[in-house]
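> Supplied in structure tokens, the structure appears directly below.
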Amino acid sequence: MKLLDARGLSCPEPIIMLRNEMNSSAAAYQIIVDNTAARENVTRYAHHQGYQVEVSEKGGEYTLNITR
Amino acid sequence: MSLKNEKATIVVAGIVIGIIASLLSFLGNPINMGFCIACFLRDTSGALGLHSAAAVQYIRPEIIGLVFGSFLLACGRKEFAAKGGSAPLTRFVLGFLVMIGCLMFLGCPFRMILRLAGGDLNAIFGLVGFVGGIFAGVFFLSKGYSLKRTYKLPALEGRLFIGIEAVLLVLLIAAPAFIHFTEPDGGPGAKHAALLVSLVAGVAVGALAQRTRLCMVGGIRDVVLFREWKLLAGFIAILFSALLFNLLLTVVTPDVYFNLGLSGQPVAHTDGLWNALGMFLTGIGCVLLGGCPLRQLVLAGEGNTDSGITIIGLMVGAAFAHNFGLASSAAGPTANGRMAVVIGIAVVLLIAGFNTFYKNEA
Chain A
106 MKLLDARGLS CPEPIIMLRN EMNSSAAAYQ IIVDNTAARE NVTRYAHHQG YQVEVSEKGG
166 EYTLNITR
Chain B
4 MSLKNEKATI VVAGIVIGII ASLLSFLGNP INMGFCIACF LRDTSGALGL HSAAAVQYIR
64 PEIIGLVFGS FLLACGRKEF AAKGGSAPLT RFVLGFLVMI GCLMFLGCPF RMILRLAGGD
124 LNAIFGLVGF VGGIFAGVFF LSKGYSLKRT YKLPALEGRL FIGIEAVLLV LLIAAPAFIH
184 FTEPDGGPGA KHAALLVSLV AGVAVGALAQ RTRLCMVGGI RDVVLFREWK LLAGFIAILF
244 SALLFNLLLT VVTPDVYFNL GLSGQPVAHT DGLWNALGMF LTGIGCVLLG GCPLRQLVLA
304 GEGNTDSGIT IIGLMVGAAF AHNFGLASSA AGPTANGRMA VVIGIAVVLL IAGFNTFYKN
364 EA
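So the protein lines, in turn, are chains A and B. Read in order, the letters of the first sequence correspond to residues 106 to 173 in our numbering. Read in order, the letters of the second sequence correspond to residues 4 to 365 in our numbering.
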């Protein structure tokens, strides 16, 4: 599981972060974002790439578990 | 919400925004300028006396409404969050230079679409440069360009920008002697819809843009980066709805809202190269800022103080553009303006390069 901290970043940066990691070989990622736009955009991008996404929210921060 | 619904929502929002923009010209705004964030911020700078170009001075209520509309909907959707601290001075400089590019072309990306919708083919040169600028910006983004993260800020900090807009509204209504308004028939600044109409139009478009995250730069950027068409669908919807409404207005009213061609276009010049270079500067600058001038207003309404600083950069850029003779006119670009755009492109490339390849070295 690769952990990515994208808190405080606005789109498209969190997606680019995830995309660059997906180019390496890890099969599962956890990415933390702190705005709904990033949450929705990252979820959409991961779905497009054939991944499943589970979201949990705590204090305005969203943890996205992204797995095949 | 599913992607299909998101796309449908943004297309409907785009259609409504296109109609509002076209109607604003009918109700008094300059032709092809129902909305122009760059022009309206420039007019506002002029009204405040930051520049003295008498033809373009008016506190545009659309700007105030956009920020209010975004703020109200963001509060309603619990998306208002005071945040900032991501390279504010860099954003100020980028905002300043984006305005230099916009005033070379004579319009922001939003007005570029409206000019196309009015048949102004000069905007195609602008669009070519704009797309080129976005490709250049995407290159740096892909290589790791970042202005670093934002941080949560006190609530007051996030609301100050809304307060500033409220003060502008008071100044517009009270019209004290130190506020400058273009004399009747004195230029584009004198052409405006009624205050309340403009304000309500701004609120509506601000709310729709907040809801859909509509962005003129984001549309092309996301297609280039991720093959994601959602935002671009909004952009295209505005183009077609404003185009159809302009044709309709041309048929049913005595005035002309669609005039296909290059010469004789309202508030425009025909220098293709400099139209393209101006929008190149705007395109790359906006990618580096994370959004077009409209999007910056919406983000400022959501409590993003970095976007607030960007808007102030745009307004100061507009003031300098007129004080230093950088802004184009219907007669064409100025020598100073050409030099400023070239310098602007060089500075933006330096900012992009440093924040991509040397960003960790303090």
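No residue lacks a Cβ here, since even glycine has one placed at the ideal position from N, Cα and C. Predicted model, so just to flag it, every value in this text is computed and none were measured.
Could you tell me whether the Cβ of Glu118 (chain A) comes closer than 8 Å to any Cβ of chain B?
yes
> Suppose you measure from the CA of Ala57 (chain B) to the CA of Tyr150 (chain A); what does that come to, to the nearest Å?
49 Å
> Using the C-alpha atoms, what's the distance from Ala111 (chain A) back to Arg173 (chain A)?
21 Å
> With the cut-off set at 8 Å, would you say Ile116 (chain B) and Ile241 (chain B) are in Cβ contact?
yes
> If distances are taken between C-alpha atoms only, which option among A:Asn140, A:Glu166, A:Asp139 and A:Arg124 comes closest to His152 (chain A)?
That would be A:Arg124, whose Cα lies nearest to the Cα of His152 (chain A).
> Could you name the residues of chain A that Tyr361 (chain B) contacts, counting a contact when the two beta carbons are closer than 9 Å?
The contacting residues do not exist; Tyr361 (chain B) stays about 18 Å from chain A at best.
> With a threshold of 16 other CB atoms inside 10 Å of the CB of Asp123 (chain B), please say whether the residue is buried or exposed.
That one is buried.
> Checking contacts by CB at 8 Å: is Phe229 (chain B) closer than that to chain A?
yes
> List, in order along the chain, the chain B residues whose C-beta lies closer than 9 Å to that of Tyr113 (chain A)?
The question names Tyr, yet the displayed sequence has Gly at residue 113 (chain A). Here the neighbours are Lys86, Gly88, Ser89, Lys151, Arg152, Thr153, Tyr154 and Lys155.
> Classify Asp139 (chain A) as buried or exposed, calling it buried when 16 or more other Cβ atoms lie within 10 Å of its own Cβ.
By the neighbour-count rule (16 or more Cβ atoms within 10 Å), Asp139 (chain A) is buried.
> Quick check: the Cα distance between Asn128 (chain A) and Pro117 (chain A), rounded to an integer number of angstroms?
17 Å
> By DSSP, does Ile182 (chain B) sit in helix, in strand, or in coil?
coil
> Using a C-beta to C-beta distance shorter than 7 Å, which residues of chain A count as neighbours of Gly293 (chain B)?
Ser115
> Report yes or no: do the segment 288–298 of chain B and the segment 78–97 of chain B share at least 3 C-beta pairs separated by less than 8 Å?
yes
> Name the chain A residues that come within less than 9 Å of Glu82 (chain B), Cβ to Cβ?
Asn140, Thr141 and Ala142, listed in chain order.
> Kindly provide the ranges of any alpha helix (DSSP H) runs that are 4 or more residues long and lie completely inside the segment 109–180 of chain B, ordered along the chain.
112–120, 125–145 and 158–177
> Evaluate Met185 (chain A) with the Cβ neighbour count: other Cβ atoms within 10 Å of its Cβ, from every protein chain shown; 16 or more gives buried, anything less gives exposed.
Limits of chain A in this structure are 106 at one end and 173 at the other, which puts residue 185 (chain A) out of reach.
> Count the other C-beta atoms from every protein chain shown that fall within 10 angstroms of the C-beta of Cys105 (chain B), then say buried if there are 16 or more, exposed otherwise.
buried
> Buried or exposed for Asn339 (chain B), please, with buried defined as at least 16 other CB atoms from any protein chain shown within 10 angstroms of its CB.
By the 10 Å Cβ count, Asn339 (chain B) comes out exposed.
> Asn249 (chain B): buried (16+ other C-beta within 10 angstroms of its C-beta) or exposed?
buried
> Just tell me which of B:Leu26, B:Leu6 and B:Gly21 has its CA closest to the CA of Val255 (chain B).
B:Leu26
> Give me, in chain order, the residues of the same chain whose beta-carbon lies closer than 7 Å to that of Trp232 (chain B); leave out the 5 immediate sequence neighbours on both sides.
Val226
> Taking 8 Å as the cut-off, decide whether the C-beta atoms of Thr273 (chain B) and Asn125 (chain B) are in contact.
In this structure, Asn125 (chain B) lies closer than 8 Å to Thr273 (chain B) by Cβ.
> Just to make sure I have the definition right: I need the residues of chain B whose C-beta is within less than 7 Å of the C-beta of Tyr156 (chain A). Which are they?
Listed along chain B, no residue sits closer than 7 Å to Tyr156 (chain A) by beta-carbon distance, the nearest being about 14 Å off.
> Starting from the beta carbon of Arg224 (chain B), find every residue of chain A whose beta carbon is closer than 8 Å, and list them in chain order.
Pro117, listed in chain order.
> Are there 16 or more other CB atoms within 10 angstroms of the CB of Met342 (chain B), so buried, or fewer, so exposed?
exposed
> Give the single residue among B:Gly17, B:Leu6 and B:Ser5 whose Cα lies nearest to the Cα of Ala236 (chain B).
B:Gly17
> Are the Cβ atoms of Val59 (chain B) and Thr185 (chain B) separated by less than 8 Å?
yes
> Mind checking which residues open and close the alpha helix (DSSP H) that includes Lys107 (chain A)?
Taken as a continuous stretch (DSSP letters only), Lys107 (chain A) belongs to no alpha helix (DSSP H), being part of the beta strand (DSSP E) at Lys107 to Asp110.
> To the nearest whole angstrom, what separates the beta carbons of Leu109 (chain A) and Tyr134 (chain A), a pair I think is in contact under 8 Å?
6 Å
> What are the start and end residues of the alpha helix (DSSP H) that includes Asn249 (chain B)?
Lys233 to Val255
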